[in-house]
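Read the structure below first, then the notes.
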Amino acid sequence: MMNIMKKNFKVLSLLLVLAFASCSFTSKRFDNPDKDKRLLEIITFVLQQGHYNPIDFDDEFSANMFRDYLNSIDPVKRYFYASDYKDFEKFRYNIDDQIRATDITFFNVVNERMLKRIDEAKAIYKEVLSKPFDYNIQETFDTDYENKPYVKNKTEMRERWRKQLKFSTLSNYDDIKTEENLKKENDPSYVMKTDAEIEEEARLATLKSIDIYFNDNVDDFNRDDWFAGYINTMVEEFDPHTYYLAPRGKEDFDQRMSGKLEGIGARLQKRNDYIKVVELISGGPAWRSKKLEVEDVILKVKQEDEKYPVNIVGMRISDAIKYIKGPKGTKVTLTIKRVDGTIEDITITRDVVELGETYAKASVVKKENNRYGVIDLPAFYVDFKDYKNINAAKDVREEILRLKEDGIEGLVLDLRNNGGGSLPAVVDMAGLFIEEGPVVQVRSTGSNKEVLKDRDKSIVWDGPLVILVNEISASASEIMSAAMQDYKRAIIIGSKQTYGKGTVQNVIDLNNVVRNNTSGDYGALALTTQKYYRITGGSVQLEGVKSDVTVPGRFSYIDVGEKDKPNPLPYDGIDPASYASWENYMDFETAIKRSKKRITKNEQFKLIDENAKWVKSKIDETVFSLHYETYKKDLEENDNEAKRFDAINDYKTNLTFDSTSYEKSLFVTDTTDLEEKRQRWHETLSQDVYIEEALNVLEDLKMTQPVKKMASNVPSSTVKK
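Here the sequence shown stands for residues 1280 to 2000, numbered as in our numbering.
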């Protein structure tokens, strides 16, 4: 229902710098006695002084914020009326004037009206759910909320709620009816519930879920929470990665950085009105269950001691997580919607998840008579308090050395789904594969560019190298891939382009901005402070890194990149750096041609591409039948269509994966189920057609005669800004 504060709990792995930054925004006093106005004053000052590309508070900004704030608090348009919108319109072009004057009239007017409409909504949903739904009526429900108009009167508002609640209840109705049919099949003497009884039970389940949502969440939403949402809408106008962390959100950030997650072991993100899975933590309960997947949407959550699930659609992500998390050993049942539209219930036993499970891991793979290495890197992690001992570059270096001891002849670095992380770590990691030279260029507003270089002449791996990426590979992953591509050091295999995030953020503790603060916690601001550029001068912003070999994937036709986010910073370029590429070291051109030819003939890749197109078609569907028989028929047809893609998960390679000799020595005394975790990973690798093709490319590269000749590459041209 409400979508405000969604960026407070963004997936922080998309940041290049995960640390609270010291700041020097102390040249101004903030003396406004009203705490809300003082927060607005502080935020606007920091944005204008510190943001990489501060925008003007003008009429265009005002109109955009007007639209986005109303969409954020009422995205489904089941609170405000057309008359409310008309009342609000007088503020459309003067929000900027209010901000400059530290005036919050627009917020106050909208918030007061919102609270009134919420009270009215409580009466509406209870009245609607007090009467049976008729599932024999031929009617539909359109989930394209964005293009729906605001209702004109109370009759239209009740009808909007009726259809939404009927749609929500329909899945409950189908679940109970399906369960009754199964009971009858297993026991012919079983007396089934009548359709009327099933309808009432399904409707009461929806009522309980909505009651819990309002009582536990909406009613608990205080003025500070509402105002934090208003502030967040304002800062999001600057770019997708600038967002406000209210004090409560800042506490969650601190907990993330502590190194442990308790619950199912999944990272979640709010997208529109839905809670979506964006990452599974290796070794965690969800990962072990093999039931939950990235991009799944969680619709409902049921505790093991409760009869009815809680509908979390529209819920603040912080509140939804409270239902999903829980003590170790307890079970939680999630109702999930797959990317192809299928809905199912899965049960996961909660556990404590160590974030160390997201660290780099390596495997030795046998391909005919050759041995290759695979390193999986989920993030460019770092402990800023102990960088020397805990960082991704150090761990990858150690894994390479262990793989070399086992005699590998080529290496695959898997950066798929890697959302980024530490800038120093990626610079150090690139240095493992080149002798020395620039890795990335960074520029701040009003400052000259800074070229970050590898100054260590030693090379840890100088053999064939392939890097795997996809549309979710972002930030530091893009720096790594771009550098290796520009040096002609590796072949990049993956999506048409990577995520396209070419910005750097710092998290500013706002309490450090205020001198002698005695007015409470102001939270923090994640602020875009820099952009980074390839050594060729081009940016990855929006454009991403183009793969040398493009392969189809599940995200091929879905809008998931930076270019698809609101208010992204533009692409631009700067002068190239001076660097020397590994010309003629290996025959990349032939290897790339052979790979492309294999891919066009590979039936698994063809099936993956067909599935990606089908998933896209399902995502584009927004109209659903509220007639049960039609609804059931559509579900069955959808399931039958999906079955033709089951072969994707049944795929097997002829490759054998194993742990390094070093890791095997740890199994003897290990108490963390390391061996089981690796076996699970190796099983997954043996079904991975992308890994298989990466190894084919390594084999092609190995067959070419190395000619270690360094060629100067000092471009004289300048990329136009």
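By construction, the Cβ of each residue, glycine as well, lies at the ideal position given by its N, Cα and C atoms.
How long is the line joining the alpha carbons of V1786 and P1519, rounded to whole angstroms?
-> Distance between the alpha carbons of V1786 and P1519 is about 14 angstroms.
Alpha carbon to alpha carbon, how far is F1936 from R1567? Give it in angstroms, no decimals.
-> 19 angstroms
Excluding the five sequence neighbours on either side, which residues of its own chain have a C-beta within less than 6 angstroms of the C-beta of V1793, listed in chain order?
-> F1309
Alpha-carbon spacing of D1498 relative to L1486, whole angstroms = 16 angstroms
For A1599, which of L1578, Y1587, L1905 has the nearest alpha-carbon?
-> L1578
Three or more C-beta pairs closer than 8 angstroms, one from the stretch 1381-1389 and one from the stretch 1857-1872: is that the case here?
-> no
Collapsed DSSP secondary structure at K1931 in the structure displayed = For K1931, the three-state secondary structure derived from DSSP is coil.
Give the C-beta separation of S1744 and R1768 to the nearest angstrom, bearing in mind that I take them to be a contact with Cβ-Cβ under 8 angstroms.
-> The question names Ser, but residue 1744 in the sequence shown is Leu. Right, the Cβ-Cβ distance comes to about 6 angstroms (below 8 angstroms), so this counts as a contact.
In this structure, does DSSP put I1510 in helix, strand or coil?
-> It is helical.
Backbone CA spacing between T1951 and E1558 [nearest angstrom] = 21 angstroms
Tell me, to the nearest whole angstrom, how far the beta carbon of G1839 is from that of A1761; I am working on the premise that it is less than 8 angstroms.
-> The sequence given here places Val at residue 1839; Gly does not occur at that position. That belief does not hold up - the Cβ atoms of V1839 and A1761 are roughly 19 angstroms apart, past 8 angstroms.
Are the stretch 1346-1356 and the stretch 1465-1479 in contact at 8 angstroms, needing three or more beta carbon pairs?
-> no
Which of helix, strand or coil DSSP assigns to V1839 | coil
Take E1678 and list the residues in its own chain whose beta-carbon comes closer than 6 angstroms to its own, dropping the five residues that flank it on each side.
-> So the list reads A1639, A1641, I1654, once near-sequence residues are dropped.
Going along the chain, which residues of its own chain have a beta-carbon closer than 7 angstroms to the beta-carbon of L1656, five neighbours each way excluded?
-> The residues are A1639, A1671, V1675, L1692, D1693, L1694, N1697.
Using only alpha-carbon positions, find the residue among E1900, E1516, L1319, N1390 that is nearest to P1845.
-> E1516
Take the Cβ of F1946 as the centre, count every other Cβ of all protein chains shown within 10 Å, and call the residue buried at 16 or more, exposed below.
-> exposed
Which residues in the same chain have their Cβ closer than 8 angstroms to the Cβ of Q1820, if we skip the five residues on either side of it in sequence?
-> Here Q1820 has G1779, K1780, G1781, T1782, K1810, E1841, P1847, L1848, P1849, Y1850, D1851 as same chain residues with Cβ atoms under 8 angstroms from its own Cβ, once five neighbours each way along the sequence are excluded.
G1538 to R1546, Cα distance in whole Å?
-> Per-residue confidence for G1538 stands at a pLDDT of 40, beneath the threshold of 50, marking its modelled position as unreliable; the derived number appears in the next sentence. Roughly 14 angstroms separates the two Cα atoms.
Inter-residue spacing [alpha-carbon to alpha-carbon] between D1421 and Q1548 = 24 angstroms
Contact the stretch 1771-1778 vs the stretch 1722-1738: 3+ CB pairs below 8 angstroms = no
Measure the C-alpha to C-alpha separation of E1908 and N1415 and round it to an integer number of angstroms.
-> Distance between the alpha carbons of E1908 and N1415 is about 8 angstroms.
8 angstroms contact criterion, which A1342 and R1371 should meet: CB distance rounded = 6 angstroms
Simplified DSSP assignment, three categories, for G1781 | Coil, per DSSP.
If you draw a straight line from the alpha carbon of M1513 to that of G1593, how long is it in whole angstroms?
-> 21 angstroms
Taking the alpha helix (DSSP H) that A1709 falls in, what are its first and last residues?
-> 1702-1709
In this structure, does DSSP put D1421 in helix, strand or coil?
-> strand
Given E1585 as reference, the closest of V1631, L1613, R1595, K1607 once Cα atoms are compared | L1613
For the putative contact between V1661 and G1700, defined by C-beta atoms under 8 angstroms, what is the C-beta separation to the nearest angstrom?
-> 6 angstroms
Are the beta-carbon atoms belonging to K1683 and E1715 less than 7 angstroms from one another?
-> It is not a contact, given that the beta carbons lie outside the stated cut-off.
In three-state terms, what does DSSP make of I1787?
-> Correct three-state label for I1787: strand.
Which class does R1567 belong to by DSSP, given the choice of helix, strand or coil?
-> DSSP places R1567 in the helix class (H, G or I) of the three-state scheme.
Helix, strand or coil at L1744 according to DSSP, with G and I counted as helix | strand
Considering D1674, what are the terminal residues of the beta strand (DSSP E) in which it resides?
-> Unbroken run through D1674 is the alpha helix (DSSP H), 1671-1684; no beta strand (DSSP E).
C-beta atoms of S1488 and V1611 nearer than 7 angstroms = Cβ atoms of S1488 and V1611: not closer than 7 angstroms.
Under 8 angstroms by Cβ, that's how I've got T1939 and R1734 pegged, so tell me the actual separation to the nearest angstrom.
-> With a Cβ gap of about 29 angstroms, T1939 and R1734 do not count as contacting.
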